[in-house]
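Notes follow the structure.
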Amino acid sequence: MRRGQIWTTVAGAAGAAVTGVAVGVAARKHSRVAAERRRLAEQLAEKPPQLAGLPQSEPSSVTADDGVRISAEEIEAKDGNPALTVVLVHGFALDRRTWHFQRQSLPALTDPSIRIVLYDQRSHGRSERAPRESCTIEQLGRDLDAVIRALAPEGPLVLVGHSMGGMTIMALAEQNPALFAERVAGVALISTSAGEVASGGLPGTLLSRHNPLTRAVGLLARAQPTLVETARRALGDVIWSLTRKFAYGDHNVAPWLVDLVDTMISANAVDALIDFADTVNSHNRVAALPALSGCEVLVAAGTADRVIPVTHSDVIAAELPAARLVHYEGVGHLPMLEQPAAMDEALIELIRRSAERVRPRRFRWRA
Numbered sequence: 033m034r035r036g037q038i039w040t041t042v043a044g045a046a047g048a049a050v051t052g053v054a055v056g057v058a059a060r061k062h063s064r065v066a067a068e069r070r071r072l073a074e075q076l077a078e079k080p081p082q083l084a085g086l087p088q089s090e091p092s093s094v095t096a097d098d099g100v101r102i103s104a105e106e107i108e109a110k111d112g113n114p115a116l117t118v119v120l121v122h123g124f125a126l127d128r129r130t131w132h133f134q135r136q137s138l139p140a141l142t143d144p145s146i147r148i149v150l151y152d153q154r155s156h157g158r159s160e161r162a163p164r165e166s167c168t169i170e171q172l173g174r175d176l177d178a179v180i181r182a183l184a185p186e187g188p189l190v191l192v193g194h195s196m197g198g199m200t201i202m203a204l205a206e207q208n209p210a211l212f213a214e215r216v217a218g219v220a221l222i223s224t225s226a227g228e229v230a231s232g233g234l235p236g237t238l239l240s241r242h243n244p245l246t247r248a249v250g251l252l253a254r255a256q257p258t259l260v261e262t263a264r265r266a267l268g269d270v271i272w273s274l275t276r277k278f279a280y281g282d283h284n285v286a287p288w289l290v291d292l293v294d295t296m297i298s299a300n301a302v303d304a305l306i307d308f309a310d311t312v313n314s315h316n317r318v319a320a321l322p323a324l325s326g327c328e329v330l331v332a333a334g335t336a337d338r339v340i341p342v343t344h345s346d347v348i349a350a351e352l353p354a355a356r357l358v359h360y361e362g363v364g365h366l367p368m369l370e371q372p373a374a375m376d377e378a379l380i381e382l383i384r385r386s387a388e389r390v391r392p393r394r395f396r397w398r399a
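Residue 343 in our numbering sits at position 311 of the sequence shown; the count goes up by one each step and never skips.
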């Protein structure tokens, strides 16, 4: 029997075992978690906001330098005369729906007027599944560059990155510091890290390539994807509970907010997510941070972040003394969803400071 056949056989057997275990665990925990979800929903009596109220956007598609298709959206300024473009970059396992509240609040700005670009990272959301070897922070930096060149080729920029999205901005700064010197007026780094992610939080324990469980699931997801997805569905309520624990600091957060994150994560194939495990843990771009020193910078994180501890944001702020550092007390990994009003306030302040910075300079806008 050839080596590939051996691994496929082993993965098949392991898959059957994992599926069986998953179904068993789900059967024991489903009723308890489901009852908790119903209790919270009834207690809060809060319904998800309707998507009909979202600002009109223009769907776009950008081709990365290696041919991967990146799905994006553009929201134009109401007055057609934006002072700058804000690019929103989401994090690991999520997609551009991460910015649900910000895509409602930010386009309403008139002082200054802005346009917004949102996109899904490769192998996330509506973007094309990318080859495993291209799922690196370095390539994500190049993807961001491609998005800017295609959808915001002129004028000043504010780049906003959450988690792996912040790492993406750092990669772009490492690759193209001239862009930051010439066009990037502001940067927001939210719940992210400049390096040593494996030293603590969820990525360090779960996503490490040395974790035998992660390695086994990765092999299994590639060899027997149907079995892995079956197990994932069987564990639905358990995963929902874990999502609430790791995404949010408030245990009583509105259930629809947990549903939103759960939906984003579930939309991504397990093996596609594991493709990014090594790059997140090996990411170290402290040396790239000085490229941001000429920009207005916001560094923000929740003090109850179990994914990337708030100390990582403190390290970034120490490297950028002029940056504004904001701690959201008791908030988890997604302050833009858990405390949108506070997050919006900080982002609007950053945007206004960035507009003041570029006002003396002249930029050409595309027609």
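We put the CB at the ideal spot given by N, CA and C, even for glycine.
{"Item": "Opposing strand residues paired with Y151 [DSSP bridges]", "Value": "A104 and V121"}
{"Item": "The alpha helix (DSSP H) enclosing T295, as first and last residue numbers", "Value": "P287 to S298"}
{"Item": "Straight-line Cα distance separating V100 from Y360", "Value": "36 Å"}
{"Item": "Segment contact, 8 Å Cβ cut-off, at least three pairs: the segment 152-164 with the segment 344-356", "Value": "no"}
{"Item": "Coil, strand or helix - H344 by DSSP", "Value": "helix"}
{"Item": "Euclidean distance between Cα positions of S89 and V119", "Value": "14 Å"}
{"Item": "Counted within 10 angstroms of its Cβ, other Cβ atoms place D152 as buried (16 or more) or exposed", "Value": "buried"}
{"Item": "Burial state of D143 (16 or more Cβ within 10 Å)", "Value": "exposed"}
{"Item": "Proximity below 8 Å, CB of A178 to CB of D307", "Value": "no"}
{"Item": "DSSP state of V363 mapped onto helix, strand, coil", "Value": "coil"}
{"Item": "Separation of H283 from P185, as counted between CA atoms", "Value": "42 Å"}
{"Item": "When T295, P87, T168 and L324 are compared against T130, the one with the closest alpha-carbon", "Value": "T295"}
{"Item": "Integer-rounded CB distance, given that T168 should sit under 8 Å from I340", "Value": "With a Cβ gap of about 18 Å, I340 and T168 do not count as contacting."}
{"Item": "Buried versus exposed, by CB contacts within 10 Å (16 or more), P91", "Value": "exposed"}
{"Item": "Segment limits, alpha helix (DSSP H) that includes T200", "Value": "M196 to Q207"}
{"Item": "Residue from G362, P87 and R385 with nearest C-alpha to I148", "Value": "P87"}
{"Item": "Buried versus exposed call for N300 [16 or more other C-beta atoms within 10 Å across all chains shown]", "Value": "buried"}
{"Item": "Bounding residues of the beta strand (DSSP E) (the contiguous stretch that carries T330)", "Value": "Contrary to the premise, residue 330 reads as Leu rather than Thr in this sequence. Taken as a continuous stretch (DSSP letters only), the beta strand (DSSP E) holding L330 covers E328 to G334."}
{"Item": "Simplified DSSP state of S89, which is helix, strand or coil", "Value": "coil"}
{"Item": "Candidates L138, V342, A115 and V94, of which the one nearest R389 by Cα", "Value": "A115"}
{"Item": "Beta-carbon gap between D127 and G173 smaller than 8 Å", "Value": "no"}
{"Item": "Endpoints, beta strand (DSSP E) assigned at A220", "Value": "V216 to I222"}
{"Item": "Exposed unless 16 or more other CB atoms sit within 10 angstroms - verdict on T95", "Value": "exposed"}
{"Item": "Local conformation of N113 per DSSP, three classes", "Value": "coil"}
{"Item": "Rounded C-alpha distance that separates T117 from R391", "Value": "14 Å"}
{"Item": "Pairwise C-alpha distance: L330 and E377", "Value": "12 Å"}
{"Item": "Status (buried if at least 16 other CB within 10 Å, exposed otherwise) for I383", "Value": "buried"}
{"Item": "DSSP-derived helix/strand/coil call for N284", "Value": "coil"}
{"Item": "Distance between beta carbons of L150 and I380, contact taken as under 8 Å", "Value": "No, I380 and L150 are not in contact; Cβ-Cβ is about 17 Å, not under 8 Å."}
{"Item": "Sheet register partners of L357 (DSSP bridge)", "Value": "V331"}
{"Item": "The alpha helix (DSSP H) enclosing R311, as first and last residue numbers", "Value": "Sequence inspection shows Thr at residue 311; the Arg mentioned does not correspond to that position. Run containing T311: A309 to S314, per the alpha helix (DSSP H) assignment."}
{"Item": "With 16 other Cβ atoms within 10 Å as the buried cut-off, status of E105", "Value": "buried"}
{"Item": "For T200 and L221, believed in contact at Cβ under 8 Å, the rounded distance", "Value": "10 Å between Cβ atoms; not a contact."}
{"Item": "Simplified DSSP assignment, three categories, for T95", "Value": "strand"}
{"Item": "Rounded straight-line distance, which links the Cα of W272 to that of V192", "Value": "27 Å"}
{"Item": "Cβ of R101 within 8 Å of any chain B Cβ", "Value": "This model lacks chain B altogether, as it is built from one protein chain only."}
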